[in-house]
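Position 288 of the sequence shown, counted from 1, bears residue number 891 in the working numbering, the numbering being contiguous throughout. Comments concern the structure below.
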Amino acid sequence: MRRAQGLAVEDRPPGRAAARRPQEVPPPRPAPRRRRSWALLRWAIILTVWGLVVLGAAVAWFARDLPRPAEALDAARRPGLTLLDRSGHIVATFGDVVGEPLRLSEMPKYLPEAAVAIEDRRFWTNWGVDIPGMIRAALADLLAGHIVEGGSTITQQVAKNLFLSNARTVKRKIQELLLTLWLDHSFTKREILEIWLNRVYLGSGAWGMDAAARLYFGVSARHVSLWQAAVLAGLPQAPSRINPRADPEAAAARGREVLAAMVQTGAITAAQAQAAAAQIHFPPPQANGARWFADWAAQQAQAVLPPDADAAVVTTLDPRLQAAAERSLAAILDGPGKAEGVGQGAVVVLDAATGAVRAMVGGAGDPAGGFNRAVAARRQPGSCFKPFVWLAALEHGMRPDDRVLDAPIHIGSWSPADFEPGYRGEITLTQALADSVNTAAVRLLLRAGGPRAVAAIAHRLGIADALPNAPSLALGTGNVGLLEMSAAYAAFFNGGRRVTPVGLETATADGRRVALARSAMPRVIDPDLAAMMVRMMLAVVRDGTGRAAAVPGRAVAGKTGTTQDYRDAWFIGAVNGTVIGVWLGNDDDRPMRGVMGGGLPALVFRGVAEAVR
604 MRRAQGLAVE DRPPGRAAAR RPQEVPPPRP APRRRRSWAL LRWAIILTVW
654 GLVVLGAAVA WFARDLPRPA EALDAARRPG LTLLDRSGHI VATFGDVVGE
704 PLRLSEMPKY LPEAAVAIED RRFWTNWGVD IPGMIRAALA DLLAGHIVEG
754 GSTITQQVAK NLFLSNARTV KRKIQELLLT LWLDHSFTKR EILEIWLNRV
804 YLGSGAWGMD AAARLYFGVS ARHVSLWQAA VLAGLPQAPS RINPRADPEA
854 AAARGREVLA AMVQTGAITA AQAQAAAAQI HFPPPQANGA RWFADWAAQQ
904 AQAVLPPDAD AAVVTTLDPR LQAAAERSLA AILDGPGKAE GVGQGAVVVL
954 DAATGAVRAM VGGAGDPAGG FNRAVAARRQ PGSCFKPFVW LAALEHGMRP
1004 DDRVLDAPIH IGSWSPADFE PGYRGEITLT QALADSVNTA AVRLLLRAGG
1054 PRAVAAIAHR LGIADALPNA PSLALGTGNV GLLEMSAAYA AFFNGGRRVT
1104 PVGLETATAD GRRVALARSA MPRVIDPDLA AMMVRMMLAV VRDGTGRAAA
1154 VPGRAVAGKT GTTQDYRDAW FIGAVNGTVI GVWLGNDDDR PMRGVMGGGL
1204 PALVFRGVAE AVR
């Protein structure tokens, strides 16, 4: 043990130990405030690093499914189809309709100024996000209890509309912010504003200022007036609700708001705003009946236009004749037709020389997605079919002044009767057609080779439907369509050539002209025989069952048609080379109360014929 060898350390005398080694003094402890500062700095650095890591991870997570901005600027969309009438006014649009992409330098100065004034006043100075504007909008919404003001900048709208959905989620808002910052960094302010002006949705299927200007005002965005620019700039707030087609009054009120905003930004003076506001007006909305024609013409266009291309088609539609057809049919259906149990009707107007359809009304009621009776319905034509029988008789050597017997006839157990009582014996073909004599029609059918021969003539002139192989065909017992019957009649009035109904005149796709194939117009009637048919149908209107269709001072030719129990009533005829076909009846085949082709249908015809020049 150490004690056995000498004194223990504790037992050494104090004096000797102090003499050998100086006493050790502990280092001074750091001040408490300094220690806290170093700890805070250390934790700040740690938290900053981890915050950057978390932020980077969050950005990476939110950005993992973002679209590539460069590709999204050319994102796919539905190709647009614009149909115009013969005068160049828009009839209907389909798909996403876009106009010509314009630079700011190609637009009137006040158009972009109007957009900035109402949508994003600090557009030229913000970083793509307007914090004061967002706070102001949030306060306004909070005070109102609902959304009354938006806080999105033009750059944010570009990011949202071009790249993202309208879903109101945190993820989408963060992605919108990321894309907004990318846009503000990657494009100049002028480029962003151009993108917005050319891509913003403005209602009625129109994307961009140029498309909307053409749709609502009939001019390019290059040529809009101040008040028109104000109306266009105000539409993004609620494009489907306040556009000039949906609500002209709301569109005008919004335009005045934009003009006031432009005064506040100094873009225009108060006097200019007042003058422009006084000029705001919209033409009366077009009758939507042209939609019957538009849907039919669009089907023709889609068959010949290249896919995935924006197209504009000038159609054969004559707006004046379309309005006359709509007006004349509505006057009958809403007036005397209602009293006589007529629930529906259809009208077709076409050029006899070319088959160009000038007007089409497919029925009463909303045409959007409706059943087009002018095209799709198949009904018995009654005596409107008789001209094919008379043509067959002419082709077998008979002439208008030759005579045919009006007397009882029996074929098996079937015996046709005339509407008018009594028989007149021998009468001319002209008189028999004018008075629509049934017994004479059956005799002529048999003399001309029977129902198969007459059906062959009808098919040769353009009737596509199967026809019955029975003597009753002479009285129009086969089902046919109004459009094809009217087109078949055209051969009588154009010198004997068959026409195919057509609704397209010219077309462009992505700015390039598209060649439209024209159907052949083969001669199907000898011109002399066609002239004889016209003379006999003139007698129908002058002296026979079609007198109600006569237009003073005009040569009107045509034929009436009435089916059994008054289920269908027709009049098809022509004036000045224009064929007009009319059908009245009921969708459920319910009989009308004594309505015949020479009555209400002839009156509809006359109302349209009076508008033909």
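Each residue gets a CB set at the ideal place from its N, CA and C atoms; glycine is no exception.
Distance between beta carbons of residue j and residue i, contact taken as under 8 Å
{"i": "residue 880", "j": "residue 862", "result": "6 Å"}
{"i": "residue 1149", "j": "residue 1201", "result": "5 Å"}
{"i": "residue 1238", "j": "residue 1159", "result": "This structure gives no information on residue 1238, because the portion of the chain shown stretches from 604 to 1216."}
{"i": "residue 1130", "j": "residue 1169", "result": "37 Å between Cβ atoms; not a contact."}
{"i": "residue 955", "j": "residue 1181", "result": "7 Å"}
{"i": "residue 811", "j": "residue 802", "result": "6 Å"}
{"i": "residue 684", "j": "residue 901", "result": "6 Å"}
Separation of residue j from residue i, as counted between CA atoms
{"i": "residue 786", "j": "residue 836", "result": "22 Å"}
{"i": "residue 1046", "j": "residue 1016", "result": "16 Å"}
{"i": "residue 987", "j": "residue 1209", "result": "17 Å"}
{"i": "residue 904", "j": "residue 1107", "result": "7 Å"}
{"i": "residue 1172", "j": "residue 710", "result": "55 Å"}
{"i": "residue 856", "j": "residue 1162", "result": "53 Å"}
{"i": "residue 1188", "j": "residue 1083", "result": "14 Å"}
{"i": "residue 714", "j": "residue 885", "result": "19 Å"}
{"i": "residue 1027", "j": "residue 1139", "result": "19 Å"}
{"i": "residue 1112", "j": "residue 1186", "result": "36 Å"}
{"i": "residue 830", "j": "residue 1104", "result": "42 Å"}
{"i": "residue 1036", "j": "residue 993", "result": "8 Å"}
{"i": "residue 1006", "j": "residue 945", "result": "37 Å"}
{"i": "residue 882", "j": "residue 834", "result": "11 Å"}
{"i": "residue 1021", "j": "residue 820", "result": "56 Å"}
{"i": "residue 1080", "j": "residue 1032", "result": "21 Å"}
{"i": "residue 858", "j": "residue 1126", "result": "57 Å"}
{"i": "residue 1054", "j": "residue 1048", "result": "7 Å"}
{"i": "residue 1067", "j": "residue 1056", "result": "15 Å"}
{"i": "residue 793", "j": "residue 876", "result": "25 Å"}
{"i": "residue 1146", "j": "residue 1034", "result": "9 Å"}
Local Cβ density within 10 Å of residue i, reported as buried at 16 or more and exposed below that
{"i": "residue 941", "result": "exposed"}
{"i": "residue 1204", "result": "buried"}
{"i": "residue 797", "result": "buried"}
{"i": "residue 668", "result": "Interpretation of residue 668 is limited by its pLDDT of 47, a score under 50 that renders its predicted location unreliable; the figure taken from the coordinates is listed afterwards. By the 10 Å Cβ count, residue 668 comes out exposed."}
{"i": "residue 727", "result": "exposed"}
{"i": "residue 822", "result": "exposed"}
{"i": "residue 1025", "result": "exposed"}
{"i": "residue 693", "result": "buried"}
{"i": "residue 1191", "result": "exposed"}
{"i": "residue 1199", "result": "buried"}
{"i": "residue 791", "result": "exposed"}
{"i": "residue 894", "result": "buried"}
{"i": "residue 851", "result": "buried"}
{"i": "residue 921", "result": "buried"}
{"i": "residue 1166", "result": "buried"}
{"i": "residue 817", "result": "buried"}
{"i": "residue 708", "result": "exposed"}
{"i": "residue 847", "result": "buried"}
{"i": "residue 981", "result": "exposed"}
{"i": "residue 1179", "result": "exposed"}
For residue i, the nearest candidate out of the options (CA to CA)
{"i": "residue 937", "options": "967, 921, 920, 962", "result": "967"}
{"i": "residue 950", "options": "802, 1089, 1102", "result": "1089"}
{"i": "residue 828", "options": "788, 878, 867, 1081", "result": "878"}
{"i": "residue 957", "options": "833, 983, 1122", "result": "1122"}
{"i": "residue 1110", "options": "820, 915, 894, 682", "result": "915"}
{"i": "residue 695", "options": "864, 851, 970, 782", "result": "970"}
{"i": "residue 896", "options": "702, 1141, 1086", "result": "1086"}
{"i": "residue 1009", "options": "1039, 686, 1003, 1002", "result": "1039"}
{"i": "residue 1115", "options": "647, 712, 688, 703", "result": "703"}
{"i": "residue 860", "options": "848, 849, 873", "result": "873"}
{"i": "residue 1042", "options": "1013, 1058, 1060", "result": "1013"}
{"i": "residue 1124", "options": "1141, 1117, 1135, 1099", "result": "1099"}
{"i": "residue 1065", "options": "1051, 639, 1050, 1092", "result": "1092"}
{"i": "residue 917", "options": "705, 959, 977", "result": "959"}
{"i": "residue 700", "options": "1078, 813, 948, 870", "result": "813"}
{"i": "residue 1101", "options": "1117, 1060, 832", "result": "1060"}
{"i": "residue 795", "options": "1118, 975, 691, 706", "result": "706"}
{"i": "residue 724", "options": "1118, 866, 1197", "result": "866"}
{"i": "residue 729", "options": "762, 980, 1213, 784", "result": "784"}
When the Cβ atoms of the region 1057-1077 are set against those of the region 924-940, are three or more pairs found closer than 8 Å? no
Spell out a yes or no on whether the region 833-853 and the region 800-807 are touching, meaning 3 or more CB-CB pairs, one atom from each, closer than 8 Å. yes
So, do the region 977-987 and the region 997-1013 have three or more beta carbon pairs nearer to each other than 8 Å? no
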